[in-house]
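Colleague: Terminal number for the sequence shown in UniProt numbering: 152, no gaps in between.
C-beta: ideal position from N, C-alpha, C; glycine also.
For clarity, every value in this text was computed on a predicted model and none was experimentally measured.
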Amino acid sequence: AGNHDVSRLVTRYGRQRAEAITMITLLLPGVGVTYNGEEIGMEDTWISWKDTKDPRGCNAGRDGYEKASRDPARTPFQWDDTTSAGFSTNPKTWLSVNKNYVTLNLAAQKKQNNSYYALYKAVSALRKWPAVKRPTTKLTTKLLGDDVLAFT
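1. Give me the Cβ distance between Gly30 and Arg127, rounded to the nearest whole Å; I'm assuming they're in contact under 8 Å.
2. Less than 9 Å between the beta carbons of Asp71 and Leu95, yes or no?
3. Since Val123 and Thr34 should fall inside the 8 Å C-beta cutoff, what is the C-beta to C-beta distance between them, to a whole number of angstroms?
4. Return the CA-CA distance between Glu43 and Thr11, expressed in angstroms with no decimal places.
5. Short check: CB of Gln78 to CB of Gly14, under 9 Å?
6. Taking only the alpha-carbon atoms, compute the straight-line gap between Thr83 and Leu9 and give it to the nearest angstrom.
7. Based on the DSSP secondary-structure assignment, which residues constitute the bridge partners of Phe151?
8. Is it the case that the Cβ atoms of Ala73 and Ala60 are separated by a distance below 9 Å?
9. Going by beta-carbon coordinates alone, are Ile40 and Tyr120 separated by less than 9 Å?
10. In chain order, what residues of the same chain have a beta carbon less than 6 Å from the beta carbon of Ala150, not counting five sequence neighbours either side?
11. Which residue from Ala118, Ala20 and Leu27 puts its Cα closest to that of Pro130?
12. Tell me which same chain residues have a C-beta within less than 7 Å of the C-beta of Thr25, skipping the five on either side of it?
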């Protein structure tokens, strides 16, 4: 659902919808692909014009870089609450770490039962269930309401 060319899921859709997209992506047949940071619900990081690295953003110029740049979704993984989110011991990385790394990081989420990471692990474990691994019938979907999509 995510990749290095588009904003992160939580930034695009908010946490609740991003969690739903993560569940659907992991439970549908085929390979479940996870972009760096989606397993903990990382958000895009604002990158200034001065710090923009993405050629597409740079080519858009000072007035258009924010819309064109892919840098906000390419920031370092937030491992913990240490310097540079545990990605590097250097306080300055190629692209800056999101300021929310102090609370939004893998180490913190491993301690929380209701974290994005806990959901990711639980749904990933379901992929091993025979009903998910080898469905015996054709996949069917049904919209049960504005906020409910069912598939079997």
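Modeller: Straight from the coordinates:
1. Contact doesn't hold; Cβ gap of about 11 Å is too wide.
2. The beta carbons of Asp71 and Leu95 sit closer together than 9 Å.
3. That pair is no contact at about 11 Å.
4. 5 Å
5. no
6. Computed Cα separation, rounded: 25 Å.
7. As a beta-bridge residue in DSSP terms, Phe151 pairs with Thr141.
8. no
9. Yes, the Cβ-Cβ distance between Ile40 and Tyr120 is below 9 Å.
10. Lys142 and Leu144
11. Closest option to Pro130, Cα to Cα, is Leu27.
12. Ala1 and Gly32
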